[in-house]
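Heads up, the sequence shown is in my numbering, so the first residue is 74 and it goes up one at a time. Even for Gly, the Cβ is constructed at its ideal location relative to N, Cα and C.
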Amino acid sequence: MASWQEIEKAVPELAARVTEVMGKGKHKTMATLRKDGSPRISGIEVEFKQGQVWLGSMLGAVKALDLRRDPRVAIHSPTSDPDEADPGRWSGEAKIAGRAVEITDERVREAYGAPPGHDFHLFRVEVAEVVFTCVDADGRHLVIEMWHEATGHRVVRRE
74 MASWQEIEKA
84 VPELAARVTE
94 VMGKGKHKTM
104 ATLRKDGSPR
114 ISGIEVEFKQ
124 GQVWLGSMLG
134 AVKALDLRRD
144 PRVAIHSPTS
154 DPDEADPGRW
164 SGEAKIAGRA
174 VEITDERVRE
184 AYGAPPGHDF
194 HLFRVEVAEV
204 VFTCVDADGR
214 HLVIEMWHEA
224 TGHRVVRRE
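Now the structure itself:
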């Protein structure tokens, strides 16, 4: 698994595209696993700072309890529909998957920017996969650019 800083060094253009698309809206969609193994989809705010991907949650939120029990997580960017007249102008969508590590060390929480005494769940994501999907400039091909910890960087084009 990698930090976001390691992703930025390994595949800087992909990381920049993902960060830009993730920044287009305040709320992202996060998938966690319930006790019975079924998926749970929740809204989440994501921050890219200090070379890491951070997730915060209200104290006791079920999504945070899911992550404490099973740290596997996937996050999807906000998205919009491509313009049918000019699909090549679509800004695309991004996904990040990995493992959420809860941060309880007060020094790390303060360095993150947490106000002292403010109790909430804070997680850092160890990244296993990054995917950016868009349409090429001609509007003819779906372009899927990805980085995976096991296979590295690759690009797939589909017509």
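Determine contact between the stretch 155-166 and the stretch 105-120, defined as no fewer than three beta-carbon pairs at a distance below 8 Å.
no
Rank 199, 76, 138 and 127 by C-alpha distance to the C-alpha of residue 101 and give the top, closest one.
127
N-terminal and C-terminal residue of the beta strand (DSSP E) that residue 112 is part of:
112-117
Using a Cβ-Cβ cutoff of less than 6 Å, which residues in the same chain neighbour residue 168 once the five nearest sequence positions on both sides are dropped?
149 and 204
Starting from the Cα of residue 147, find the closest Cα among 106, 195 and 121 and give me that residue.
106
DSSP three-state assignment for residue 176, whether helix, strand or coil
coil
Can you tell me whether residue 194 is buried or exposed, with buried defined as 16 or more other CB within 10 angstroms of its CB?
buried
Would residue 172 pass as a contact of residue 125 if the rule is Cβ separation under 8 Å?
no
Contacting residues, own chain, Cβ-Cβ under 8 Å from residue 187 (five flanking each side not counted):
193 and 195
Just curious, the beta strand (DSSP E) that residue 104 is in, first and last residue?
101-106
Which two residues bound the contiguous beta strand (DSSP E) that contains residue 84?
Run containing residue 84: none; DSSP gives neither H nor E here.
Selection from 191, 200, 232 and 225 that minimises the alpha carbon distance to residue 210:
232
Given the structure, does residue 168 come close to the ligand SAH, in the sense that its CB is under 7 Å from one of the ligand's heavy atoms?
Inclusion of the ligand SAH in the displayed structure is not the case, the ligand content being empty and no account of it being possible.
Under the assumption that residue 228 contacts residue 165 (Cβ atoms under 8 Å), give the Cβ distance between them as a whole number of angstroms.
Actually they do not touch by this definition, with Cβ atoms about 13 Å apart.
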